[in-house]
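Have a look at the structure below before the remarks.
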Amino acid sequence: MSAVEEKQPVETGEQVAPKSHQESSSDFSDVPIDPKAESRLVTKLDFIIFPTFFVIYMMSFLDRINISNARIQGMVADLDLTGNRFNVALFTYYISYILLEVPSNMVIKRFRPSLYLSTLMFCWGIINMCMGFVHSYSALIGLRFLLGIFEAGVLPGIIYVTSMYYKRHEYQKRMSFFFCSTVVAGAFGGLLAYAIAKLGGHHGFAAWRWIFIIEGAITSTLAIIAAFLIIDWPEQTKYLNAEEKELLRRRLAADVDDSCRMDVLNKTSFKMIMSDYKIWLGALVYMGVGVPGLSGTFFLPTILLEFNWKAQEAQVRTIPVYVVAGGTMLIGAWASDKLRHRFSFFVAGTSLVTIGYGMLLAQEGKSRDYKFGAVFLVFGGAYMVTPMALAWLQNNLSGHWKRAFGSSIQVTIGNIAGIIGSNIYLVNEAPTYVTGYSVSLAMMWLGMICATILAVLMWRENKKRDAGERDDRLNLPEDVKNNLGDAYPTFRFTL
1 MSAVEEKQPV ETGEQVAPKS HQESSSDFSD VPIDPKAESR LVTKLDFIIF PTFFVIYMMS
61 FLDRINISNA RIQGMVADLD LTGNRFNVAL FTYYISYILL EVPSNMVIKR FRPSLYLSTL
121 MFCWGIINMC MGFVHSYSAL IGLRFLLGIF EAGVLPGIIY VTSMYYKRHE YQKRMSFFFC
181 STVVAGAFGG LLAYAIAKLG GHHGFAAWRW IFIIEGAITS TLAIIAAFLI IDWPEQTKYL
241 NAEEKELLRR RLAADVDDSC RMDVLNKTSF KMIMSDYKIW LGALVYMGVG VPGLSGTFFL
301 PTILLEFNWK AQEAQVRTIP VYVVAGGTML IGAWASDKLR HRFSFFVAGT SLVTIGYGML
361 LAQEGKSRDY KFGAVFLVFG GAYMVTPMAL AWLQNNLSGH WKRAFGSSIQ VTIGNIAGII
421 GSNIYLVNEA PTYVTGYSVS LAMMWLGMIC ATILAVLMWR ENKKRDAGER DDRLNLPEDV
481 KNNLGDAYPT FRFTL
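Quick note on numbering: UniProt numbering labels position 369 of the sequence shown as 369, and the sequence is numbered without any gaps.
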């Protein structure tokens, strides 16, 4: 018997999600939504939600990857990061990060996101500052582990909160704008590292130490401001009046049938969540396409240094790479939202990455411009599809608990890419990095294969629902039928 067919009695210990736009209302009006009022609401939400989250995730990503900028400014020699020690420092972060992502999304449901996310931000900023004062390898490892603890809840929390405010086909371009924060972090990080390097020797601190100290101080200061700006859950937010909250509820109910809810967590709904192929395939897609982007971000300054540029020249030349990556990300987002289609863009992104890595694997005897051009292709393709993987899964999940678990599971498994990516660029393979390029290409294709399987399965399920083959679920007991989420027969998946 499938999870959706089981009768679920009312149990002690059921957890009910906070009231949201997805909950039905006895006074739901059939009056058409005013397009102008809806447009004003969406514009208002855009200005309230994404600028703040953009800055938060930009600082999260910057504080995660600034170790790569510090590496080529003397950190390796000062902390004796010989052999694979630098790689270990990178993936230690992901151990705590991966373990705490799902629990964090369960915690954020109990608190105001404004309080929870700003507290995490303040703490990781302090930890980042502390890395500027370490004098041993073991201390660096410990602080990287702590950094992962406090950054773990940021991305799944932001995805969860933002998904409660937008229609499915409004979400991709906004998520890509949000993910441009990683592009800005990469470009700004290189520029900032170039400027901070000039402080080397001031007050007895090496240049790499100033990178951590200054960037950490900026993060903690911004966290205090963010506490007053972050939007809370739709029913809690101070930014919307009662009329706007009702309009928000109605427009989202119109996008996803108001019956497609999952507001109660019990044995039946938990089993449905954990057995949903979309979540697990979506997580593998995110992991696969994440390796080229994450590994490239960690090692981009080092890779460019191997192209015979000096350290500060390599820092500056990371900027145009991220600018191009941001351009492909935004173009892909706009086009995929316009077409209401995702899969073909995975094909395009994978093609760019494949060509780029093919060029890098055949780089022997080639010019520096040839190799630099290949880097643009890799980053352009990888950054196009990374935010799309997150948005695609959110498009195809419905219900408070389904989205909470789905986003956190996807990000948790997806961030295994960080562990993989931090260990494949081997010092003894410089300057060709055959293992790094080969594994990254293979993981990209793993993501592409999983995306293909996911698209085929959802296409087949849509056909079955169109033919009425899932209408038997309408005869389930009311408490089960009203808690099916995207398993409700009227829900249709985005391909």
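Note that beta-carbon positions come from the ideal geometry of N, C-alpha and C, so glycine has one too. These numbers come from a predicted model, not from an experiment.
For ILE127, the enclosing alpha helix (DSSP H) stretches over residues 113 to 130. The three-state reading of DSSP puts LEU222 in helix, counting H, G and I together.
Per DSSP, reduced to three states, the secondary structure at VAL102 is helical. By the neighbour-count criterion, in which 16 or more other beta carbons inside 10 Å mark a residue as buried, SER163 falls on the buried side. Where TRP392 is concerned, the enclosing alpha helix (DSSP H) starts and stops at 368 to 395. For ARG64, the closest of ARG85, PRO35 and ALA152 by C-alpha to C-alpha distance is ALA152. For ARG174, the closest C-alpha among the options TYR160, PHE50 and ILE98 is that of PHE50.
Boundaries of the alpha helix (DSSP H) harbouring GLN312: 311 to 339, taken from the DSSP string. Annotation: the continuous alpha helix (DSSP H) that includes ILE449 extends over 434 to 466.
Restricting attention to alpha helix (DSSP H) runs no shorter than 4 residues, the region 155 to 243 encloses them at 168 to 196 and 207 to 226, ordered along the chain. Contact check for GLY296 against VAL378 passes: the beta carbons are separated by less than 8 Å.
Take the alpha-carbon of ARG112 and the one of LEU247: they are about 22 Å apart. Within its own chain, the residues whose Cβ lies closer than 6 Å to the Cβ of THR182, once the five positions on either side in sequence are excluded, are PHE61, listed in chain order.
Excluding residues up to 5 positions away in sequence, VAL183, PHE379, GLY380 and TYR383 lie with their Cβ nearer than 6 Å to the Cβ of ALA325 in the same chain. Straight-line spacing of the CA atoms in SER440 and LEU240 works out to 44 Å. Cβ-Cβ distances below 7 Å link LEU360 to LYS371, ALA374 and TYR437 in the same chain, with the five nearest sequence neighbours on each side left out; the list follows chain order. VAL289 sits in a helix when the DSSP states are folded into three classes.
Collapsing the DSSP output to three states places VAL480 in a helix. Fewer than three beta-carbon pairs drawn from the region 155 to 169 and the region 271 to 284 are found closer than 8 Å, and the two stretches are therefore not classed as touching.
For ASN308, the CB contacts under 8 Å within the same chain, skipping 5 residues up- and downstream, are ARG368 in chain order. Spatial neighbours of TYR322 in its own chain (CB-CB distance under 6 Å, excluding positions within 5 residues in sequence) are listed in chain order as VAL183, GLY186 and ALA187.
In the same chain as ALA227, and ignoring 5 residues on each side of it, the C-beta atoms closer than 7 Å to its own belong to SER114, LEU115 and SER118, in chain order.
TRP208 is classed as buried because its beta carbon has at least 16 other beta carbons within 10 Å across all chains shown.
Of all alpha-carbon atoms in GLY157, ALA77 and HIS135, the one lying nearest the alpha-carbon of TYR57 is that of GLY157.
The C-alpha of PRO234 lies about 16 Å from the C-alpha of THR43.
LEU140 and LEU300 have their C-alpha atoms roughly 21 Å apart.
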